[in-house]
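Below: the structure, in structure tokens.
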Amino acid sequence: MNLFTEMRVLILKEIDALVASGALPTGLDYAAITVEPPRDAGHGEMATNAAMVLAKPAGQTPRAIAEALVARLLGDPRVVSAEVAGPGFLNLRLAPYIWRDLVRAVLTLGGDYGRSTIGAGSKVNIEFVSANPTGPMHVGHVRGAVVGDALARLLAFAGWQVTREYYINDGGAQVDVLARSAYERYREAHGLSPEIREGLYPGDYLIPVGEALKAKYGDTLLDKGEQYWLVEIRDFATDMMMQMIRDDLAALDVRMDVYSSERAIYGTGRIEAAIQTLRDMDLIYEGTLEPPKGKEPEDWEPRVQTLFRSTAYGDDVDRPVQKSDGSWTYFAPDIAYHFDKVQRGFDQLIDILGADHGGYVKRMKAAVSALSKGKVPLDIKLIQLVKLYKNGEPFKMSKRAGTFVTLRDVVDEVGADVTRFIMLTRKNDVALDFDFAKVLDQSKDNPVFYVQYANARINSVLRRAREAGVPCSDADLAAADLARLDHPSELGMAAKIAEWPRLVDIAARGNEPHRVAFYLYELASDLHAHWNRGNDDPTLRFFQDGDPATTAAKIALARAAGVVISAGLGILGVTPVEEMR
RNA sequence: GCACCCAUAGCUCAGCUGGAUAGAGCGUUGCCCUCCGAAGGCAAAGGCCGCACGUUCGAAUCGUGCUGGGUGCACCA
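The numbers in the first sequence follow the numbering used here, run straight up by one, and end at 1445.
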């Protein structure tokens, strides 16, 4: 149910007819032909670039092709006007019944309106968050979590088979640090004063871990060297941290399908196998890297290391997979992990990373490209910083003990819905300002409120109509006499609703969930504008006192807008509100 | 020094895989409450789309080179 693709089908059909009649040559490529809303609504309701795209290969002027098309398109009952404009645009106006049918279709399809099949069931893996399991999630993780989850919902809505995945970085030195930090809290739980040395994690969140350790081990680990407890406490603390992270994610309404452990990759031979696969392609060699230019580390010395020839895939330098002592770098298990994702049969991989991982993109794409023989694309979305404010004043976040802002702090302060919506009001590669005061502001400059308010208004008229005895189920409304919708403002709103499936396709194709938020804001804006016209022109009000038939038609339109707002908020993971308080 | 990201109205930002006269909100100015919710709406002013070349019927969008800002740059993850 996408009017734009339907009209494109019509246009291509008429072009075929022109080809058959000899007016156009055979063998034309239609791929670049688009049908879209015109920039200026005054131009019509749909515009196509067909004539301009075909002009050159057909050896004709855009105008000639456009005019031949006009004659044919006007023969279709859906098209009431078609005119050539500008450099060769073809502007179409559609019969009003098209928009009324659309409203009816929305009411019939409900939340499935806009659902797309462009994903074609293709399997996509979205890896996101992947915060180190050494503490609670902080604000820096929130945006990535929201974007990843919204993208997952969007792609699922557009026909992909989506897996949400979290990669637990439990294989490096940081979990040993966690273990030592937890051990001090364990000592503390026994009444000893903890020695939180430089380099350990000082946060209070480890106190419960220490108590849990006491409950489990009693005093058996006291005064023992770390060789006796490091592994056990590490695993125990990591598990507790992951439980905390899961709870944090749940507070944001984010749920992962798969948690993959880095540590679980070691000792299985999978790293060796992945590296061997690359070696078989002559992409692994022993070598020495040049010192980094400009900012040479003081202790730099040439080292022979095992290197991945990522330059063969566009990287700037080759990357080490083994340290000089022969142990793996972080990159190696990551290669194995991505190889594993490829082998699990995903058609497409997406990684959502913090912008500080930008230097990592090329080598990871190189590895996936090599390991999948170019068959599995890896898209890496870098999430830019969130800057915190309170009433316009920068909100300082100290890195010292315990004073960082956690995900919980944010959610407790403004709620999950507001957090999620605001995090999606920028594209991922642009920094985002988050003002604790402004996001709760109940005014038009707050997009969350504006969209929710639109939905509340829709529910408000529905309630009122119901109280007045107008049947208002979606089925009732779909059966209403929609011919009573004839004002340009009403048909214009229907046209905006008609853009929803197209927007879903565009957003999904680009992996850009933020587009949904912007579309919802526009739709809400149209609704508020229309609502306000009712102030001057009572015949435009949704509720028409004493005229249930017209009321039903107008409320059908409002409800259709509400269906789309709910669906859109669903993709953002935001709960639509029924009424404002 | 190199790589990646960003640069669009006074401010914060959209701009739909290259399209028409570049849009929205805030701010400024002027209107609109006997009216389904004015927590709002309408309208006006405001732009060498960072700069310069190039690609083509057509560039904010693509390419190259600059300028300015952010991020990251061997044995950290």
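Where is the CB? At the ideal position from N, CA and C, for every residue including glycine.
| task | Using three-state DSSP, classify Trp-833 as helix, strand or coil. | result | Nothing can be reported for residue 833: it is not among the residues displayed for the chain, which extend from 865 to 1445.
| task | Can you have a look at Pro-839 and say buried or exposed, based on whether 16 or more other CB atoms are within 10 angstroms of its CB? | result | Only positions 865 to 1445 of the chain appear in the structure, and residue 839 is not among them; the question remains open.
| task | Quick one: grab the DSSP three-state call for Asn-996. | result | Along the first sequence, one-based indexing puts residue 996 at 132. DSSP, read as helix, strand or coil, puts Asn-996 in coil.
| said: Threshold first: 3 residues or longer. Then list the beta strand (DSSP E) segments lying entirely within the segment 1276–1312, N to C. | reply: You should have 1296–1299.
| query | CA-CA distance, Ile-1419 and Tyr-1317? | reply | Residue 1419 sits at position 555 when you count from the first residue of the first sequence. Residue 1317 sits at position 453 when you count from the first residue of the first sequence. In this structure, the alpha-carbon of Ile-1419 lies about 17 Å from that of Tyr-1317.
| field | Uninterrupted alpha helix (DSSP H) stretches inside the segment 1212–1272 (no shorter than 4 residues) | value | Listed in chain order, the complete alpha helix (DSSP H) runs (minimum 4 residues) inside the segment 1212–1272 are 1225–1235.
| request: Measure the beta-carbon distance from Arg-1348 to Trp-1395 and round it to whole angstroms, keeping in mind my assumption that it falls under 8 Å. | output: As a first step, residue 1348 is located in the first sequence; it is residue number 484 there, counting from the start. As a first step, residue 1395 is located in the first sequence; it is residue number 531 there, counting from the start. 18 Å between Cβ atoms; not a contact.
| said: One question on the structure: do Tyr-1069 and Gly-999 come within less than 8 Å of each other, judged by their Cβ atoms? | reply: For the purposes of this step, residue 1069 is taken as residue 205 along the first sequence, with counting starting at 1. For the purposes of this step, residue 999 is taken as residue 135 along the first sequence, with counting starting at 1. Contact: yes.
| message | Using C-beta distances below 8 Å, list every residue in its chain close to Glu-1443, excluding the 5 sequence neighbours before and after it, in chain order. | response | Here residue 1443 corresponds to residue number 579 of the first sequence, with the count starting at 1. Excluding positions up to five away in sequence, the list reads Ala-1320, Asn-1323 and Ser-1324.
| said: Three Cβ pairs or more, each shorter than 8 Å: is that satisfied between the segment 1176–1187 and the segment 958–968? | reply: Between the segment 1176–1187 and the segment 958–968 there are fewer than three C-beta pairs closer than 8 Å, too few to call the two in contact.
| request: Using the Cα positions of Ile-962 and Lys-1205, report the straight-line distance between them to the nearest angstrom. | output: In the first sequence, counting from the first residue as 1, residue 962 sits at position 98. In the first sequence, counting from the first residue as 1, residue 1205 sits at position 341. Looking at the backbone, the Cα of Ile-962 and that of Lys-1205 are separated by about 45 Å.
| query | Between Leu-1252 and the rest of its own chain, which residues show a CB-CB distance below 6 Å, the 5 nearest in sequence each way excluded? | reply | Your numbering for residue 1252 matches position 388 in the first sequence. Answer for Leu-1252: Phe-1259 and Phe-1298, listed in chain order.
| request: Spatial neighbours of Arg-1405 within its chain, please: CB distance less than 6 Å, with the 5 preceding and 5 following residues excluded, ordered by chain position. | output: Within the first sequence, residue 1405 is the residue found at index 541, counting from 1. If we look at Arg-1405 and ignore the five residues flanking it on each side, its Cβ neighbours are Gly-1398.
| Hey, how far is the Cα of Arg-1044 from the Cα of Val-993? | The residue labelled residue 1044 in the question sits at position 180 within the first sequence. The residue labelled residue 993 in the question sits at position 129 within the first sequence. About 25 Å.
| query | Comparing alpha-carbon positions, which option in Leu-892, Gly-1238 and Met-910 lies nearest Lys-920? | reply | Mapped onto the first sequence, residue 920 falls at position 56. It is Leu-892 whose Cα lies nearest to the Cα of Lys-920.
| request: Pick out whichever of Leu-1213, Gly-1238 and Gly-1036 has its Cα sitting closest to the Cα of Ser-1191. | output: For the purposes of this step, residue 1191 is taken as the residue at position 327 of the first sequence. Nearest C-alpha to Ser-1191: Gly-1036.
| task | Under 7 Å Cβ to Cβ from Leu-1421, same chain only, skipping five residues before and after it: list those, please. | result | Stepping through the first sequence from its first residue, residue 1421 is reached at position 557. These residues qualify, in order along the chain: Val-967, Leu-1349, Glu-1354, Met-1357 and Ala-1358.
| message | Once the 5 residues before and after His-1002 are set aside, which same chain residues still bring their CB inside 7 Å of it? | response | As a position in the first sequence, residue 1002 is number 138, starting the count at 1. Closer than 7 Å at Cβ, skipping near neighbours: Phe-1268, Val-1269, Thr-1270 and Leu-1271.
| query | Counting along the chain, where does the beta strand (DSSP E) carrying Tyr-1149 start and finish? | reply | To locate residue 1149, count along the first sequence from 1; it is residue 285. Taken as a continuous stretch (DSSP letters only), the beta strand (DSSP E) holding Tyr-1149 covers 1148–1152.
| query | How many Å lie between Ser-1236 and Ala-1230 at the Cα? | reply | Against the first sequence, residue 1236 aligns to sequence position 372. Against the first sequence, residue 1230 aligns to sequence position 366. Answer to the nearest angstrom: the Cα atoms are 10 Å apart.
| field | Anticipated Cβ contact below 8 Å, Met-871 with Val-899, distance rounded | value | The count along the first sequence starts at 1 and reaches residue 871 at position 7. The count along the first sequence starts at 1 and reaches residue 899 at position 35. Separation of the CB atoms of Met-871 and Val-899 is rounded to 5 Å, and the pair is thereby assigned contact status at 8 Å.
| If you draw a straight line from the alpha carbon of Lys-1187 to that of Asp-1112, how long is it in whole angstroms? | Here residue 1187 refers to the residue found at position 323 when the first sequence is read from its first residue. Here residue 1112 refers to the residue found at position 248 when the first sequence is read from its first residue. Their backbone Cα atoms lie some 35 Å apart in a straight line.
| request: Along the alpha helix (DSSP H) that carries Tyr-961, what are the first and last residues, could you check? | output: Locating residue 961 in the first sequence gives position 97, counting from the first residue. Taken as a continuous stretch (DSSP letters only), the alpha helix (DSSP H) holding Tyr-961 covers 960–973.
| Pick from Met-1108, Ala-1014 and Asp-1117: whose alpha carbon is nearest that of Pro-997? | As a first step, residue 997 is located in the first sequence; it is residue number 133 there, counting from the start. Here the closest residue by C-alpha is Met-1108.
| query | Where DSSP assigns a beta bridge to Asn-955, which residues make up the other side? | reply | Translated into positions along the first sequence, residue 955 becomes position 91. Secondary-structure assignment with DSSP links Asn-955 through a beta bridge to Ala-911 and Glu-947.
| query | So, is Val-1428 buried or exposed, given that buried needs 16 or more other C-beta atoms within 10 angstroms? | reply | Position 564 of the first sequence, counting from 1, holds the residue named residue 1428. Around the Cβ of Val-1428, a 10 Å sphere holds 16 or more other Cβ atoms; the residue is buried.
| Of the residues Ser-1430, His-1351 and Thr-1414, the one placed nearest Tyr-1383, counting alpha carbons only | Position 519 of the first sequence, counted from the start, is the residue given in the question as residue 1383. Tyr-1383 has its Cα closest to that of Ser-1430, out of Ser-1430, His-1351 and Thr-1414.
| said: Quick check: the Cα distance between Leu-1304 and Ala-1219, rounded to an integer number of angstroms? | reply: By 1-based counting over the first sequence, the position of residue 1304 is 440. By 1-based counting over the first sequence, the position of residue 1219 is 355. Cα to Cα, Leu-1304 sits roughly 27 Å from Ala-1219.
| message | So, with DSSP's three-state summary, where would you put Lys-1418? | response | One-based indexing of the first sequence puts residue 1418 at position 554. DSSP, read as helix, strand or coil, puts Lys-1418 in helix.
| Residue nearest to Val-934 in terms of C-alpha spacing, selected from Gly-978, Thr-912 and Gln-924 | Along the first sequence, read from residue 1 onward, the residue named residue 934 stands at position 70. The shortest C-alpha to C-alpha distance from Val-934 to any of Gly-978, Thr-912 and Gln-924 is the one to Thr-912.
| task | Check the C-beta distance from Tyr-1149 over to Leu-1171 and give it rounded, since I have them as a contact under 8 Å. | result | Within the first sequence, the letter at position 285 stands for residue 1149. Within the first sequence, the letter at position 307 stands for residue 1171. Contact flag correct, Cβ pair sits at about 6 Å.
| message | Taking the straight line between their C-alpha atoms, what separation do you get for Glu-1126 and Phe-1100? | response | Indexing the first sequence from 1 puts residue 1126 at position 262. Indexing the first sequence from 1 puts residue 1100 at position 236. C-alpha separation (whole angstroms): 16 Å.
| request: Let me know if Thr-1084 comes out buried or exposed under the rule of 16 or more other beta-carbons within 10 Å of its beta-carbon. | output: Position 220 of the first sequence, counting from 1, holds the residue named residue 1084. Exposed: under 16 other Cβ atoms inside 10 Å.
| task | Taking all protein chains shown into account, decide if Met-1145 is buried (16 or more other Cβ within 10 angstroms of its Cβ) or exposed. | result | As a working note, residue 1145 is residue 281 in the first sequence. Using a 10 angstroms sphere on the CB of Met-1145, the tally of other CB atoms stays under 16, which defines it as exposed.
| request: Classify Pro-1440 as helix, strand or coil using the three-state DSSP reduction. | output: Translated into positions along the first sequence, residue 1440 becomes position 576. Three-state DSSP puts Pro-1440 in coil, outside helix and strand.
| query | What distance in whole Å lies between the Cβ atoms of Gly-1012 and Ile-1216, which are believed to be in contact at a cut-off of 8 Å? | reply | Mapped onto the first sequence, residue 1216 falls at position 352. Mapped onto the first sequence, residue 1012 falls at position 148. The pair is a contact, with the Cβ atoms about 4 Å apart (cut-off 8 Å).
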